[in-house]
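If you read the sequence shown in the numbering used here, its first letter stands for residue 723, the second for the next number, and so on.
Where is the CB? At the ideal position from N, CA and C, for every residue including glycine.
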Amino acid sequence: MRLPLFCLALCSLVAAAPPTEKRPKEAAPELRMLVPGFEIASLPLKLTNLVNLQYRHDGVLVALGYNGNIHLLRDTDGDGLEDKADLFWQGKGRITAPIGMDLAPKGSPHGDAVYFACKSKVMMVADRDGDGKAEHEQTIAEGWPLAFAGIDTASVCVDPKDGAVFFGLGVRLYNNAYEFDAFGKAQNDLSSERGAILRIAPDFKSREKLCTGVRWPICLRFNEHGDLFCTDQEGATWLPNGNPFDELLHIERGRHYGFPPRHPRHLPGVIDEPSVHDYGPQHQSTCGFRFNQGVNGGPHFGPDFWKGDALVTGESRGKIYRTKLIKTPAGYVAHNSIIACLNQLAVDLTVTPRGDLLVATHSGDPDWGTGPEGTGHIFVIRYRDKAAPQPVIACATAPDRFEIKHSSAVNSVQEVKIERGLFTKPGDRFETMWPGYEVIKLQRSIPVTEVKAEEVWHYQDHTVITVPKQATSEHFTLQLADDNEIGIEPFGIEIWPGEFDAAWLPHLDPEVSRAVLGRHMPDIHAGHTTTLRTRLDLTGMLQPAIQPGAALDYEYEAEEVTIYLSNTQTAFEALIGGKKFSSQPGQISHDLIHTLVPQRNVPLDLQISFKADAMPDFRITWRTKQDPSRDRAFPLRRFLLPWARPEETPGIATALPRPEIQGGDWQHGRELFFSDRALCSKCHAIRGSGGKMAPDLSNLACRDYKSVFRDIHDPNASLNPEYLTHEVTMKDGTRHSAVMRDEGGEVVLGLGAGVEVRVKRDDIASQKALKTSLMIPQMDQVLGETDFRDLMAFLLTEPPLMKIYSKAEKVPPARSKSEIAKILAGAPNPPPATKPLHLLLVSGKKDHGLGEHDYPRWRQVWSRLFTLAEKTSVTLADEWPSDEQWRSADAVVFYRKGDWSPAQAQQFDTFLQRGGGATFIHWSLEAGDAAPALAHRLGLASQRKVTKYRHGPIQLVFEGQHPIARNFTRAGFTDEIYWNLIPSEKTPVKPLATSEGHPQLWTQEPASGGRIFVTLGGHYSWNFDDPLFRTLVLRGIAWTAKEPVDRFNNMIEAGLEP
C-alpha cells in the first residue's frame, strides 16, 4: 500500500509517448513461464469458469465453479492429468458469486466437507456417507448488513490446528467507504462485521472479528508458521488513497488495513497498517494464492529455493507471482518475482500431490470475463529440467553493472536485451489484457528505453552485464534466451566488504538477505572495515499513496519517523543524512536510535561501517510518532541504491486527451443520463443518484473510453458478477429475467428500465444465471453521435471541480440557472471551434492554506476540464515552460506564485511576437523587485512588500463592451482583491472590471503582437467552480488565442450537480 509517491505522481507528469496497441490474444502464448525448466499442459476437461481448486486428503481434486457447482476431478488413466469430472454438489441456481474455498482435513467430524463463501453466507457441504456426493449442506455464517451490491463474502480458510473457519467480508459500501450521509457526516461503523476478517468457532456456534480495514479479501491462507495472509484488491478508483494497489496482507488481531484509510475528520482513530507487499503497477487484481508446500506428502512446486513462497495469481493482467516471505521479529518482509504470464484471466492455483502447479483461468476480458457459464480452463505447469540454472535474483551491483545470480553454473554466454522504464516488469511483452482504466493508459504512455548491454560474461553461477551508467530509480527487465526474463528493481544496499569489490544486499537485516540470496550471500573480510551504503525512502510510512490525478480533501501531516539500528556483536558508526553517529552499548546489543521528520520524496542517505569477522546480526526497524509503540520491518523497496536517484519531476507534462469526447457537453450528458430517453439512471447510480439494479458508475472517470464504449455497445461482453441476470422461476410457474437484490427480507427483481417486483424468497422455485445482460445493446446508435458523445463526456469526466474549500470564509452559494443563462445569452449554440488549439497550463507549488492558491489542484482539475474542449490539446508545466513548450503553445495560462527575470522576459516576448496569447490569474502577477519589468508587459504587476489586499465578499463592476465581459454589469464573489500595484507609464491599463475603484480584470494587445488577459481573482478554490468566474477566465483564454470567446461554453457548467 505504500509505493513511493513520486512514482505515482510521475504517471501524470512524464512526457507521454503514444501507448502501444493492444496485442491480440492469439499473438501471445496462452501461458508463458519466464524461467527455464518448465513445460505447459492442460487438463483434458470441459468445465465452466472455476473460482477455486484444491486437492483433498485422498488426492481428489475439488473444483468450485463460478456457477456454484462443485466437481471432483480424477485421473483415470494414470498420466498425471485429471480427465474425469463428477458432480459433487449442485449449487447452480441456488447460490450466487462463490469465491473462496477450503477443505476439511482427513478425519474431520464433518466428513469430506467443502467450505466456501458466496453471496451473504459461508457454507459447508459434506459427503458423510462416502458415496462421492454431498448430501449435507449447512450455512455456518450469515446475517451481516448487506453490501451495496449484495455480493459481499469472499475467501475461506480452515485453521489446521483446531478446525476454525476464517472468512472475509468486503466493505459495505465500496463506492462510499466512509458511508457519508446526506449531510456529509461519516457513518462508517468499525464495530460492524463489514470490511473485516472473521473467525467461526470449530463448533460453528459463534464468530469473532479479527481486524478491520480490508476492502475485498479474495483469498485467505495460513503459512508454515501458522500466520494468516490475505490478498486484498485495489480500491483507489473509488477512494483516492484507499488500497492504491493490490495487496498481500499479514492478518493480525486488532489491526486496521487501510480501507477506508485514516482521515483527520471522518476516521481519526485508526492506524493504516502497511501491506506486506504491493503488486504493481495498479490493477493486477490479485486473487487466489497458495503457499508452495507439498500436498499429501508430495513435493513442492519448482526449485528448492521456491519452497514455502506464496504463489499468487494476478487475474486482470495475466500474471503468476512468486512472493518470498521472510519472518522477522518486527514483521514480514517480502521479495517478489513474476514467474509466468497468461493471455487469460488467472483466478486460482494449487500445487498438486505430484509437485506440479494447476492454474484455473476464466475466458473473456477483464474485469469479470464471461461469467458463471463461460468456458474455463485448467493449465498444468510441470518442472521438468531440474538441471537448468535458475535465476535466483538479478541486481545492480554498480551504476554500470548488473548481475544475475543463478542456482547453478551457467556454461554458455547468452544475448541479453535490457529495457528500462518507470513501470517496466518482466513479461510486459506478453501482456494481452489491460483493464479499462485511464491510469493504465498513463502507465503504458510512459516511454520504455532500451539499454545497450556492452559486455556479457559468466563466472561460475553469475552472469555479469556491463551497461552505460544507469543512475536511475526506474525498473529494468533482462530478456534472456528462450524467452526467459527477470527484473531488476532499484532497491538494495551497496556493501564494501573490506578489500573485496562492492557487492549487493537486498536488506540491512542479514537474515532477510540470506533468505533472498541463499548461498549468494556475500562474505566480509575479517579485520577490515566493512561499509554498507543505501538511501532510505521514508515517505508515507503510515500514509497510503494517492491515486494519480486525484487529491484528498486534506493534506497529510508531516510524519516523525524513528529508526532503530542494532546488533548484538559489534559497535558501528553511521552517517545519517551526512551526519556522523555512533552506536551505544546497551544491555544486550549495540544500538543507534535516530528520529527525524523526513522530506517527502527525498531519500535519507545512510552509511554504516564496522569491523567484524563475520556479518553481524543487524536489525533495522521503524516507528512513527503516530504509532510509537509498534516496531515495523522495512520493506525491501525502502532501501534505494546510493546511486539510484529518484526521478526528477519533469518540467514538461501532457494531459492525455480523450478525443472521442472532445466538444462534449457535460451538463447535457448529465441530463441524458437521468432522462427517460437513455434510461441510464433507472438502473445505474452515479455519485449518489439513480437506481440500484446495475453497477454504480461513479468511478467511470477512471476507466478508458474503449472499455466503457464496449460495455454500452455490447453489455454481454463482460458480465459483472454482482449484477448477473437470472432466469427466476416462481412456484406458480411465472418466469422473470431479472437482476436480484435482497432488501428488507424480500427479493427485489429488477426487470429492466427501472421496473422492480418484490417477491418472497420462499416463493422462488429456482434461479439460473444467464449469459446475457438486461441492458439494451447498441445504445450508442440509439442516441446518435452527438448525444452519445455528450453522455460519454458526462460518464468519463469526473466533475471537474476543485471541491477542497477554505475554512477561512463561508462558501458562497451556488449560482442559479437564471444567472448562468443571463451571462451566456447570445452565444452561438453549439459554440464554434475554428482551429486546433494547443494550451499550456503553468502552475507551481502550493503556497497558502486549505482551498487557497491551490495551484496543483487547479492543474489537475482544469487539465481534466479541457479534455471536453473540441480540437484542444493541453500541456502542463511546473513553474515555467520549457523552450519547446513555448514554441508549441498557442496560448498559455499562468496560475502560480509569480516571479520574473530577464530570461523569462525574453521567452515571453518572443512568444507574444509570434501571436501567442497569455492569461495571468491572481498571484501569477507577483514579480518582486522585477515588478516594473513585468508591469511593462501587463500594465500592472505586484511587488509583495507594497501590494495591498483584502479577502472576503467583493463586487466587480464591469466597464465597456469587451467580448470577455459580455452580459456582465455587476457580479459578486468571495475572493481577494489587490491594489497598490506597480504601474507602467508605457502600458496603461483600461480595466474590464474594477472593485472599490481598483482594476481587477483587464486586457492588453501589445503592438509587437499577441494578447494578454489578467484576472486578479482566483484566491479561493471555489471561484474556479463558479460558472461566472469560469466564464470570465475561459472567455479570456479564448480571446487571447484569437478565438471566439464562446469557444469553451460547453465547459462552463461541467461538474455542477444539484
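For residue j and residue i, the rounded distance between their alpha carbons
i	j	result
VAL1238	GLY1024	16 angstroms
ILE1374	LEU1703	Note on ILE1374: pLDDT 38, under 50, position unreliable in the model; the coordinate value appears next. For ILE1374 and LEU1703, the distance between alpha carbons rounds to 32 angstroms.
GLY1413	ALA1625	57 angstroms
PRO1350	LYS1174	47 angstroms
HIS1560	VAL1614	9 angstroms
ALA749	GLY976	48 angstroms
ALA1715	GLU1681	6 angstroms
GLY1149	SER1059	11 angstroms
Where residue i sits in the DSSP three-state scheme
i	result
MET846	strand
LYS801	Residue identity check: residue 801 is Asp in the sequence provided, not Lys. The answer is coil: DSSP assigns ASP801 none of H, G, I, E or B.
TRP866	coil
ASN774	strand
GLY781	coil
HIS687	Since the first residue of the chain shown is 723 and the last is 1780, residue 687 is not available in this structure.
GLN1004	coil
ARG1688	coil
MET1773	helix
THR1762	helix
LYS814	coil
TYR1577	helix
ASP1485	helix
ASP1768	coil
ASP853	coil
PRO1372	Note that PRO1372 has pLDDT 37, beneath the 50 cutoff, so the model's placement of it is unreliable and no number is given.
LYS1147	coil
PRO1624	helix
LEU1269	A small correction: the amino acid at residue 1269 is Gln; Leu does not occupy that position in the sequence shown. Here GLN1269 sits in coil by DSSP.
PRO1232	helix
Those residues which DSSP pairs with residue i across a bridge
i	result
LYS1127	ILE1115 and HIS1184
TRP1344	ILE1285 and ARG1354
CYS840	LYS843
TYR1043	VAL1034 and ILE1060
TRP1218	THR1253
PRO939	ASP954
CYS879	PHE888
LEU920	PHE889 and LYS931
LYS806	ARG796
ASP1327	ARG1257
GLU1295	SER1304 and SER1331
TYR1159	ARG1425
MET823	PHE838
ASP1651	Answer by DSSP bridge pairing: none, since ASP1651 is not bridged.
GLY1053	THR1050
SER1538	SER1538 pairs with nothing; no bridge assigned.
TRP1724	PRO1713 and VAL1736
Exposure label - residue i; buried when at least 16 CB within 10 Å
i	result
PHE905	exposed
ARG1039	buried
LYS960	According to the sequence shown, residue 960 is Trp rather than Lys. TRP960 comes out buried.
ALA848	buried
ASN1771	buried
ARG1692	exposed
SER1595	buried
ILE1310	exposed
TRP1344	buried
HIS947	exposed
Integer Cβ distance of residue i from residue j, believed to fall under 8 angstroms
i	j	result
TRP1744	MET1524	7 angstroms
ASP824	VAL878	5 angstroms
THR1447	THR1494	6 angstroms
THR1092	LEU1441	7 angstroms
SER1235	PRO1212	Between PRO1212 and SER1235 the Cβ distance is about 17 angstroms, and since that is not below 8 angstroms, they are no contact.
TYR1742	GLU1574	6 angstroms
LEU1363	GLU1216	6 angstroms
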